[in-house]
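If you count the sequence shown from 1, you need to add 270 to reach the numbering used here. A short worksheet on the structure shown next.
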Amino acid sequence: MRIICAPDSFKESITATNAAQALRRGILSAAPSTEVTCLPMADGGEGTMRTLVNALDGDIRSTPCTDALGRPTNATFGLIHTESTTTAIIEMAAAAGIEHIPPYERNIRAATTYGVGQLITAALDASAHTLLIGIGGSATNDAGTGMMSALGARFLDAEGNQLPPGGSALRNCAHIDTTQLDRRLAKTKIMVACDVNNPLLGKHGASAVFGPQKGATPEDIIELEHALTRWADIVETTLNKPIRNTPGAGAAGGVGAAFLAFTSAELRPGAQLVMDTINIDHHLHGADYVFTGEGSVDTQSMAGKAPMQVAQRAAQAGVPTVVFAGRIEEKIARTPPAGVIATVPIVREATDLPTALAAGEQNLEAAAAMVTRLLHADLTRKAIHRN
Numbered sequence: 271m272r273i274i275c276a277p278d279s280f281k282e283s284i285t286a287t288n289a290a291q292a293l294r295r296g297i298l299s300a301a302p303s304t305e306v307t308c309l310p311m312a313d314g315g316e317g318t319m320r321t322l323v324n325a326l327d328g329d330i331r332s333t334p335c336t337d338a339l340g341r342p343t344n345a346t347f348g349l350i351h352t353e354s355t356t357t358a359i360i361e362m363a364a365a366a367g368i369e370h371i372p373p374y375e376r377n378i379r380a381a382t383t384y385g386v387g388q389l390i391t392a393a394l395d396a397s398a399h400t401l402l403i404g405i406g407g408s409a410t411n412d413a414g415t416g417m418m419s420a421l422g423a424r425f426l427d428a429e430g431n432q433l434p435p436g437g438s439a440l441r442n443c444a445h446i447d448t449t450q451l452d453r454r455l456a457k458t459k460i461m462v463a464c465d466v467n468n469p470l471l472g473k474h475g476a477s478a479v480f481g482p483q484k485g486a487t488p489e490d491i492i493e494l495e496h497a498l499t500r501w502a503d504i505v506e507t508t509l510n511k512p513i514r515n516t517p518g519a520g521a522a523g524g525v526g527a528a529f530l531a532f533t534s535a536e537l538r539p540g541a542q543l544v545m546d547t548i549n550i551d552h553h554l555h556g557a558d559y560v561f562t563g564e565g566s567v568d569t570q571s572m573a574g575k576a577p578m579q580v581a582q583r584a585a586q587a588g589v590p591t592v593v594f595a596g597r598i599e600e601k602i603a604r605t606p607p608a609g610v611i612a613t614v615p616i617v618r619e620a621t622d623l624p625t626a627l628a629a630g631e632q633n634l635e636a637a638a639a640m641v642t643r644l645l646h647a648d649l650t651r652k653a654i655h656r657n
């Protein structure tokens with residue numbers, strides 16, 4: 271029997287890497303001869319870099335940069351080396367993440383992505399040929415102008431003065447100068463993990479939808495919408511890039527728009543990008559089952575989160591999937607999606623949430639062992655019947 275273990279993290283309980291190992295231990299305790307391959311998953315958000323570095327035997331680098339308020343800090347990025355290329359794994363949130371800024375310090379009008387550009391520069395200096403960038407969890411709404419400024423672009427007012435950091439300043443944008451833009455960007459493959467299709471502007475845009483999550487008041491949203499509209503006008507005039515209505519342009523406070531305007535980046539769903547990076551299709555060939563999971567399986571899981579993306583990819587390869595979770599929405603438990611043969615809750619007895627979270631790894635291992643015994647018995651029965 272051959273099983274692929276490709277779980278996402280179980281939030282506040284188990285990392286994806288540890289979840290894969292717990293599944294592996296459970297499988298081998300029940301069926302020691304099973305061939306197990308661990309492919310911990312992520313969806314492009316927090317934890318993606320470490321998950322991929324661990325899975326692909328990469329290394330982690332640290333570099334000085336600034337946070338979303340322009341203060342000095344250090345952030346990490348991953349490097350994965352193969353015979354033919356070096357890929358950098360960057361999480362935008364490492365530099366410009368909202369989790370680094372306490373609520374009482376948040377200032378969405380002035381927040382900047384400059385540190386993200388510094389991370390990209392450090393990756394290019396490390397000879398990365400490909401960039402895989404996750405853009406979730408930001409504290410910013412500057413349309414990626416801080417990021418592009420760190421990479422050499424200049425955003426100027428009518429008098430030729432460089433604009434101060436932050437999205438609010440873009441209301442005065444009159445010119446964009448790309449003559450000093452880092453030339454390495456044009457020769458670098460850039461893949462952006464983006465799980466939203468929001469445009470840059472309007473009621474479904476960056477400011478209106480994501481601004482309130484970052485502390486924006488109604489007045490902030492009006493001002494930022496005006497500023498980003500002005501910037502989009504200048505982008506279209508200067509670069510001939512009509513990006514305001516492009517799906518994904520509004521991601522991460524408009525960072526999606528910056529990648530579309532200034533680079534040849536490809537915006538893709540995060541889980542799909544991660545699966546391709548770890549070459550999951552190759553590993554699925556010849557597998558009997560896939561074990562995946564996350565903390566909670568609900569309707570949101572159906573909208574692109576990693577476990578269901580894994581199940582869909584496995585179904586395309588004809589491999590059935592078992593989904594493990596701490597909590598499973600009743601509707602999904604009753605009617606699992608195509609390719610999923612079982613959804614398995616890992617909590618073994620009634621308990622409070624802190625206790626369940628603390629015992630997550632142990633419970634996942636036990637659940638994997640139970641399911642493996644059933645699957646192994648079924649395969650054995652079928653083999654006997656065939657003979």
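The beta carbon of each residue, even a glycine, is placed where N, CA and C say it ideally should be.
Identity of the residues DSSP links to residue i by a beta bridge
i	result
Lys459	Thr400
His552	None, per the DSSP bridge assignment.
Val306	Ile273
Gln388	Note: Gln388 sits in no beta bridge, so no partner.
Ile360	Ile403
Tyr559	Ile273
Gly520	Answer is none; Gly520 lacks a bridge partner.
Val593	Thr562 and Thr613
Thr346	Ser332
Gly367	Ser408
Phe280	Ile284
Glu536	Met461
Leu426	Gln432 and His445
His496	Looking at the DSSP assignment, His496 forms no beta bridge with any residue, so it has no partner.
His351	Thr356
Neighbour flag for residue i against chain C, beta carbons, 9 Å
i	result
Val544	Although the question refers to chain C, the structure presented lacks it and comprises just one protein chain.
Cβ-based burial, residue i [other Cβ within 10 Å; buried from 16]
i	result
Leu402	buried
Arg514	buried
Glu305	exposed
Ala366	buried
Pro310	buried
Thr287	buried
Gly404	buried
Thr586	Thr is not the amino acid found at residue 586; the sequence shown has Gln there. Counting Cβ neighbours within 10 Å, Gln586 comes out exposed, since fewer than 16 surround it.
Tyr374	exposed
Gly588	exposed
Pro434	exposed
Asn468	buried
Arg379	buried
Ile492	exposed
Thr591	buried
Asp329	exposed
Ser419	buried
Among the options, nearest to residue i - alpha-carbon criterion
i	options	result
Gly669	Ala456, Thr410, Glu429 and Ser279	One cannot answer for residue 669 here, as it falls past the ends of the chain, which runs 271 to 657.
Leu451	Ala528, Ile368 and Ser397	Ala528
Trp501	Cys275, His445 and Lys575	His445
Arg272	Pro302, Glu282, Ser279 and Lys281	Pro302
Glu635	Leu293, Cys275 and Ser283	Leu293
Met461	Asn467, Glu564, Glu536 and Ile359	Glu536
Glu506	Ala531, Val323, Thr448 and Met545	Ala531
Ala584	Asn549, Ile598 and Ser354	Asn549
Glu599	Ile274, Glu564 and Thr400	Glu564
Ala638	Phe594, Thr336 and Gly556	Phe594
Thr391	Lys484, Met417 and Glu369	Met417
Gly407	Asn442, Leu644, Val610 and Gly317	Gly317
Backbone CA spacing between residue i and residue j [nearest angstrom]
i	j	result
Ala300	Leu421	53 Å
Arg538	Gly315	13 Å
Val614	Arg376	40 Å
Ile371	Val641	43 Å
Asp551	Leu543	12 Å
Cys308	Pro577	14 Å
Ala486	Lys473	14 Å
Val386	Thr508	24 Å
Tyr384	Ile284	32 Å
Asp659	Leu470	No statement about residue 659 is possible, as the shown extent of the chain runs from 271 to 657 and does not include it.
Ala276	Met545	10 Å
Pro342	Gln388	11 Å
Ser397	Leu440	32 Å
Ala608	Val580	12 Å
Glu619	Pro606	23 Å
Lys457	Glu361	21 Å
Leu649	Gly296	18 Å
Leu322	Glu429	46 Å
Leu554	Ala647	22 Å
His399	Ala413	25 Å
Phe480	Ala522	8 Å
Where residue i falls: helix, strand or coil (DSSP)
i	result
Glu489	helix
Val567	strand
Arg331	strand
Arg341	coil
Ile602	helix
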